[in-house]
Amino acid sequence: MTRGQALSYWFHEGTATFVAEVAGKVIGTYILKANQPGLGSHVANASFMVSSLARGHGAGRRMGEHCLEEARKAGFLAMQFNIVISTNEVAVRLWKQLGFEIVGTVPDAYRHSQLGLVDAHVMYCRL
-6 MTRGQALSYW FHEGTATFVA EVAGKVIGTY ILKANQPGLG SHVANASFMV
44 SSLARGHGAG RRMGEHCLEE ARKAGFLAMQ FNIVISTNEV AVRLWKQLGF
94 EIVGTVPDAY RHSQLGLVDA HVMYCRL
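Quick note on numbering: the sequence shown equals residues -6 to 120 in this note's numbering.
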């Protein structure tokens, strides 16, 4: 993905962008948007990034909790993650702890840079 493509995805119209900071330094970010336009727009979707320096310190959990609250405030009825990499055990565990369940698994859906093709989960949570 080019820088332009990333900026377009992260700052697209209808997408709310949030930043997590510690001592004035960005440690993570997430976006919140409708998973689908129109008749599916009551289901939220989000994407997250956490700095490698901030991993293991609760930043992902705090952003996840904040995201769920913002989704509720925005009137979403549920949240769906379309691609949670199955080998990212930390993320899968966190989302389960925050109320998500795996509703499907897509075989070989992600090209992992070290592991090759790995499965991806679809995870869902009613708000």
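Positions of the beta carbon are idealized from the N, C-alpha and C atoms, including for glycine.
The structure displayed is predicted, hence computed values, not measured ones.
Can you tell me which of the three DSSP states Gly21 falls into?
Correct three-state label for Gly21: strand.
When DSSP labels each residue in this structure, what does Gln107 get in the three-state scheme?
In this structure, Gln107 counts as coil in the three-state DSSP scheme.
Short of 6 Å in beta carbon distance, which residues of its chain neighbour Glu63, apart from the five on each side in sequence? Order them along the chain.
Here the set comprises Leu25.
Report back the beta-carbon spacing between Val43 and Ser79 to the nearest angstrom; my notes put them in contact at under 8 Å.
Wrong, their Cβ atoms sit about 19 Å apart, outside the cutoff.
Within 10 angstroms of its Cβ, does Gly21 collect 16 or more other Cβ (buried), or is it exposed?
Per the 10 Å Cβ criterion, buried.
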